[in-house]
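K.L.:
Residue numbers (my numbering): 2 to 185.
We put the CB at the ideal spot given by N, CA and C, even for glycine.
Just so you know, these numbers come straight off a predicted model, no measurement behind them.
A single structure is presented below for examination.
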């Protein structure tokens, strides 16, 4: 019986929204720290026509913030809401994120994320078990969606770091270039 109690407790900890919330709360600080004082030409640089610049990644993060925040509100306030698949092809075309400067996109993202964090902090940690029906994925929990959201943040933090690295440092590393291969 003791083992069953431990597994039940482990599941409750695993379903907690706290780990994802912790990362989601840190992302604005990480971005501000990494991008503070970068020149505009670096923020607008694209490694290829079909790839995003740092500024465009920030625009994407700002847009996705609205999607994730709305889904979170719905999962918390509605009984098993139906969530539509995010149609990146229908709503986001590479280049659509050219609007606004990187600083404007970052400021919008930070403002929106801070509001979202206030919402998330008001939700009991055990709310991770609340469910929604996703049009493509079927039944999902709040915990699963927040885990994907945190993963999404980390993926774009990495993308931004690779863009920064590939443009600002790698070309000037001389013989040390052989030790790294940025993939922006």
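(1) Of all the CB atoms in chain B, is at least one closer than 8 Å to the CB of residue 59?
(2) Check for me: the alpha helix (DSSP H) holding residue 105 runs from which residue to which?
(3) Count Cβ pairs between the region 108-124 and the region 44-54 that sit closer than 8 Å; are there 3 or more?
(4) Can you tell me whether residue 155 is buried or exposed, with buried defined as 16 or more other CB within 10 angstroms of its CB?
(5) Decide if residue 126 is buried, meaning its Cβ has at least 16 other Cβ atoms within 10 Å, or exposed.
(6) Please classify residue 172: is it buried, with 16 or more other beta-carbons within 10 angstroms of its beta-carbon, or exposed?
(7) Leaving aside the five residues before and after residue 62 along the sequence, list all residues of the same chain whose C-beta is less than 7 Å from its C-beta, in chain order.
(8) Hey, residue 29 and residue 115 are a contact pair by Cβ (cut 8 Å); roughly how many whole angstroms apart?
(9) Could you check which residue in 147, 87, 107 has the C-alpha nearest to that of residue 35?
(10) With respect to the beta strand (DSSP E) encompassing residue 139, which residues constitute its N-terminal and C-terminal limits?
(11) For residue 78, count neighbouring C-beta atoms within 10 Å of its own C-beta (all shown protein chains included) and say buried if the count is 16 or more, exposed if not.
(12) Checking 8 Å against the spacing of the C-beta atoms, do residue 25 and residue 118 come in under that value?
(13) Going by the DSSP bridge assignment, what does residue 157 pair with across the sheet?
(14) What's the gap between the Cα of residue 55 and the Cα of residue 133?
(15) The ligand HEM and residue 153: does the residue's C-beta get closer than 7 Å to at least one heavy atom of that ligand?
P.N.:
According to the structure data:
(1) Any reference to chain B falls outside this structure, which holds one protein chain only.
(2) Here the alpha helix (DSSP H) through residue 105 covers 103-122.
(3) Short answer: they don't touch.
(4) Around the CB of residue 155, fewer than 16 other CB atoms lie within 10 Å, so the residue is classed as exposed.
(5) Residue 126 is exposed by the Cβ-count criterion.
(6) With fewer than 16 other Cβ atoms within 10 Å, it is exposed.
(7) Cβ neighbours of residue 62 beyond the five flanking positions: 110, 157.
(8) That pair is a contact at about 7 Å.
(9) When the alpha-carbon of residue 35 is set against those of 147, 87, 107, the nearest one is in 107.
(10) Where residue 139 is concerned, the enclosing beta strand (DSSP E) stretches over 139-142.
(11) Flag for residue 78 reads exposed.
(12) Residue 25 places its beta carbon less than 8 Å from that of residue 118.
(13) DSSP output for residue 157 lists no bridge partner at all.
(14) In a straight line, the C-alpha of residue 55 is about 32 Å away from that of residue 133.
(15) Absence of the ligand HEM from the depicted structure is noted, as is the absence of any ligand whatsoever, leaving it without description.
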